[in-house]
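Q:
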Amino acid sequence: MATQISTGASELRDITKMERIGAHSHIRGLGLDDRLEPRTSSQGMVGQAKARKAAGMILKMVQEGRIAGRAMLFAGPPSTGKTAIALGMAQTLGPDVPFTMIAASEVFSLSMSKTEALTQALRRSIGVRIREETEIIEGEVVEMQVDRSLTGATKTGKLTIKTTDMETVYDLGTKMIDALTKEKVTAGDVIAIDKTSGKVSKLGRSFARSRDYDAMGADTRFVQCPEGEVQKRREVVHTVSLHEIDVINSRTQGFLALFAGDTGEIKPELRDQINTKVAEWREEGKAEIIPGVLFIDEVHMLDIECFSFLNRALENELSPLVIMASNRGMARIRGTKFRSPHGLPVDLLDRVLIVSTQPYSPEEIQEIIKIRCEEEDVTLAENALAVLTSMAGQTTLRYALNLISCGQVIARKRKSDRVEVDDLRRAYTYFMDEKRSVQWLKEQQGSLMFEEVEDEQATNAMDVN
Ligand SMILES: Nc1ncnc2c1ncn2[C@@H]1O[C@H](COP(=O)(O)OP(=O)(O)O)[C@@H](O)[C@H]1O
Ligand SMILES: [Mg+2]
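Set out below in structure tokens:
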């Protein structure tokens, strides 16, 4: 098993990248120009110039592969764009550099230890770019013939493929037939089949057939019939993360665990083997390490054990860039009695590049609201925009952004597509912001359960464990 380390790369592609939607879906990058200067409003990003620039500089270092085992902390009040900037960084990095995002509280789980969860997150953020030779079958389909068994359960068939120089007939099994049918392969298509994974890709239609059909879609691409052998060796490059290699090679889990997300703990010996193997590949020039980024949101929720583990992990040669975000000021470090800036122990803080985020100016808030309206497809009346901006000033940006869609629902009820000031006023009365909620609690005077607001000592004692 030691030598047989598989990467299973071709299957992985589709399942590891997830589209993020929701509160930050308008963020498409950091909005920096070539000289890393922040544009006033670009790629969905507004203001927060210093932090964006700092983020851009760090990214530049990541992309040049010069930075590993460093850490960076976004510190600032709630809704000042810490998460948004981190996501902007993820988008700028492109698909080949791994970016993992976790919320610190995800680390606490019953199915694995805290350090295992952190290790998995760290290894998810290290990419291995692997060069592999695979065998492919490439050519123009001359004929595809399928025979079904009486029940239709099994299919057999024959596929005739040609190049300009030769023609070959292949026997097909059920799986291959399904793959070909899914791609809607017909005679005259130029296709490529990856022999190891069985993946079929349609390259286009052969020029020779261009006159056969009049009713072809405008998007039909015509290509030359390939030359030479039908079977070719080709070098492919793909990137997988260390964690993916871990899971695929762990005997108890296997590849399917990646779909379920239920990977359990992975044995340290296996990780050692994989590290050794990857080091070997690097020496042979077959693989390249791409240090990516691990983003830990709400990092003050980690406890002292996690922090000391991180401290150590950052010294590892195979460590990604760790970005953290915290909205705490002087806060207690979880698991201890001690208070520390941002809720992080000082020895960790010492290694960290700290970037602060500031509250937004009214103009910036207005711009962000405008962008969100576009994103959510909401039309806001001119004066409603002004009102919402001032609401954001009095409450928080996030609260105001939440009111956009509430306003729209209310506007629709009176059969209008435009959100007016009145709709926002209504939404404002329906939903409390944090300040009014606190006020309301005070007015309730203890009629709700578990109230210990007055007793600061008691709350502190409670969350020590
Ligand atoms: N500079 C910005 N440009 C555009 N949208 C922003 C910006 N900063 C914050 N937002 C948006 O405001 C909301 C709150 O910001 P968020 O990043 O969640 O704050 P934090 O993580 O600091 O608490 C999110 O919907 C976010 O996308
Ligand atoms: Mg956040």
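Residue numbers (the numbering used here): 80 to 544. Each residue gets a CB set at the ideal place from its N, CA and C atoms; glycine is no exception.
Tell me whether Leu432 sits in a helix, a strand or coil according to DSSP, three-state version.
A: DSSP places Leu432 in strand when its eight states are reduced to three.
Q: Who are the Cβ neighbours of Ile353 in its own chain at under 8 Å, not counting the five residues just before and after it?
A: Same-chain partners within the cutoff: Ile84, Leu321, Ile324, Asp325 and Asn328.
Q: Give me, in chain order, the residues of the same chain whose beta-carbon lies closer than 6 Å to that of Ala183; leave out the 5 immediate sequence neighbours on both sides.
A: Contacts found: Ile375, Glu377, Val378, Met380 and Leu381.
Q: What are the residues that DSSP puts in a beta bridge with Asp502?
A: Its beta-bridge partners do not exist; DSSP assigns none.
Q: When the distance is taken between beta carbons, is Ile383 closer than 7 Å to Gly422?
A: No, these two residues do not count as a Cβ contact at 7 Å.
Q: On the DSSP bridge assignment, give the partners of Met403 in chain order.
A: In DSSP, Met403 forms a bridge with Leu152 and Ile375.
Q: If contacts are defined as beta-carbon pairs under 8 Å, then Ala200 and Ile216 qualify, I think. What distance do you get, rounded to the angstrom?
A: Contact flag wrong, Cβ pair sits at about 39 Å.
Q: Just checking my contact of Glu212 with Glu314 at CB under 8 Å: how many whole Å lie between their CB atoms?
A: The Cβ separation is near 6 Å, so the contact holds.
Q: Look up Ser26 in the DSSP assignment and give the residues it is bridged to.
A: Any answer about residue 26 is impossible in this case: the structure gives the chain only from 80 up to 544.
Q: Can you name the start and end residues of the alpha helix (DSSP H) that Gly486 belongs to?
A: Leu476 to Lys492 is the extent of the alpha helix (DSSP H) around Gly486.
Q: Starting from the C-beta of Met255, find all residues in its chain whose C-beta is less than 7 Å away, skip the five residues before and the five after it, and write them out in chain order.
A: These residues qualify, in order along the chain: Gly277.
Q: For ligand 1, is there a heavy atom less than 6 Å away from the beta-carbon of Ile448?
A: For ligand 1, not one heavy atom lies less than 6 Å from the Cβ of Ile448.
Q: For the region 194-242, which segments carrying the beta strand (DSSP E) assignment without a break, of at least 3 residues, lie completely within its bounds, in sequence order?
A: For the region 194-242, whole beta strand (DSSP E) runs of length 3 or above, ordered along the chain, are 205-227 and 234-241.
Q: Under 6 Å: does the beta carbon of Val125 sit that close to some heavy atom of ligand 1?
A: Result yes, Cβ under 6 Å from ligand 1.
Q: Quick check: the Cα distance between Ala287 and Glu222, rounded to an integer number of angstroms?
A: Computed Cα separation, rounded: 14 Å.
Q: Check this for me: beta carbons of His105 and Leu166, under 7 Å apart or not?
A: No; because the gap between Cβ atoms is not below 7 Å, this pair is not in contact.
Q: Between the C-alpha atoms of Gln437 and Glu219, what's the straight-line distance to the nearest angstrom?
A: If I take the Cα positions, the gap works out to 60 Å.
Q: Return the residue from the list Gln523, Val457, Asn481 and Ala471 that minimises the CA-CA distance to Arg491.
A: The option with the nearest alpha carbon to Arg491 is Val457.
Q: My understanding is that Val425 touches Met151, with C-beta atoms under 8 Å, so please give their C-beta distance in whole angstroms.
A: Incorrect: roughly 16 Å between the Cβ atoms, too far for contact.
Q: Roughly how far, in whole angstroms, is the beta-carbon of Glu143 from the beta-carbon of Thr243, given that I think they are within contact range, below 8 Å?
A: Going by Cβ atoms, the distance from Glu143 to Thr243 rounds to 44 Å, so no, they are not a contact pair.
Q: For Thr125, which three-state DSSP category applies?
A: With the sequence shown as reference, residue 125 is identified as Val, and Thr is not the correct amino acid for it. Strand.
Q: Are the beta-carbon atoms belonging to Leu373 and Thr198 less than 7 Å from one another?
A: The answer is no: Cβ separation not under 7 Å.
Q: Please determine, among Gln122, Thr171 and Pro117, the residue with the shortest C-alpha to C-alpha distance to Met140.
A: Measuring from the Cα of Met140, the nearest candidate turns out to be Thr171.
Q: In three-state DSSP terms, what is Ser526?
A: Three-state DSSP puts Ser526 in coil, outside helix and strand.
Q: On the premise that Thr318 lies in contact with Arg210, defined as a C-beta separation below 8 Å, what is that separation, rounded to the nearest angstrom?
A: Arg210 to Thr318, Cβ: 11 Å. No contact.
Q: Please name the residue or residues paired with Met168 in a DSSP beta bridge.
A: None; Met168 has no bridge partner.
Q: Once DSSP output is grouped into helix, strand and coil, what is the label at Lys263?
A: It is coil, neither helix nor strand.
Q: Among the residues of its own chain, which have a CB less than 8 Å from the CB of Phe388, if the five just before and after it don't count?
A: Contacts found: Lys193, Thr194 and Leu197.
Q: When DSSP builds the beta bridges, which residues end up paired with Met180?
A: According to DSSP, which records beta bridges pairwise, Met180 is partnered with Phe374.
Q: Flag Ser184 as yes when its Cβ comes closer than 6 Å to any non-hydrogen atom of ligand 1, and as no otherwise.
A: It does not: the Cβ of Ser184 is nowhere closer than 6 Å to a heavy atom of ligand 1.
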